[in-house]
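Asker:
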Amino acid sequence: MIRKATIKDIKEIQRLINSFADKDLMLPRSLNELYENIRDFFVCEDKKKVIGCSALHISWDDLVEIKSLAVDKKYQREGIGKALVETCIDEAKSLGAKKVFTLTYVPDFFKKIGFARIAHGKLPHKIWAECINCPKFPDCREIALIKKI
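Heads up, the sequence shown stops at 148 in numbering that gives the first Met the number 0, and the numbers go up one at a time, no gaps.
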């Protein structure tokens, strides 16, 4: 079941995200960052356990970003990641967004669901505000992908 995240989900969201960050598959998220952005997050739960998460962040004008997509290894390849992305896209549409992008180390997943690679420089400079605080800045290897909605 996918639903909006609540404050009680934060520590499970962080555990899930940082388990992938520990393997250099995504960027880590601090508790502070997660609490500040809780309204951006969706979770997928099974038997009251958070098994997946994603976030939709408004970036600029009609552009939104899907961030922090993670699905517990035991539940991968069951369509949960795709469902989380589709949930984010549905919300993006309801907000009036025209394009959704992501920065990822796993571009093939997003390409399978209609995203296309885009040069980093084609995205507004505003999206790079977080990058300055990233431990991988300025040597970012994330791939930018975008989808018109």
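From the three backbone atoms N, C-alpha and C, an ideal C-beta is built for every residue, glycine too.
Could you round the C-beta distance between I16 and A69 to whole angstroms and report it? I think they count as a contact, below 8 Å.
Answerer: Going by Cβ atoms, the distance from I16 to A69 rounds to 5 Å, so yes, they are a contact pair.
Asker: For L62, which residues of its own chain have a beta-carbon under 6 Å away from its beta-carbon, when the five flanking residues on both sides are left out?
Answerer: Once the five neighbours on either side are set aside, the close Cβ partners of L62 are K98.
Asker: Nearest to L94 by CA position, among Q13, L55, I142 and C43, is which residue?
Answerer: Closest by alpha carbon: L55.
Asker: Near D8, which residues of its chain fall below 6 Å by C-beta distance, leaving aside the five closest residues on each side in sequence?
Answerer: So the list reads V42 and V49, once near-sequence residues are dropped.
Asker: Counting pairs of Cβ atoms below 8 Å between the segment 66–80 and the segment 18–30, do you hit three or more?
Answerer: Result yes; three or more Cβ-Cβ pairs closer than 8 Å.
Asker: What's the C-alpha gap between G51 and G120?
Answerer: Distance between the alpha carbons of G51 and G120: 30 Å.
Asker: How many angstroms separate the CA atom of I6 from the CA atom of Y34?
Answerer: Approximately 7 Å, taken between the alpha carbons.
Asker: Which runs of the alpha helix (DSSP H) at least 4 residues long sit entirely within the segment 15–44? Give them in chain order.
Answerer: For the segment 15–44, whole alpha helix (DSSP H) runs of length 4 or above, ordered along the chain, are 30–35.
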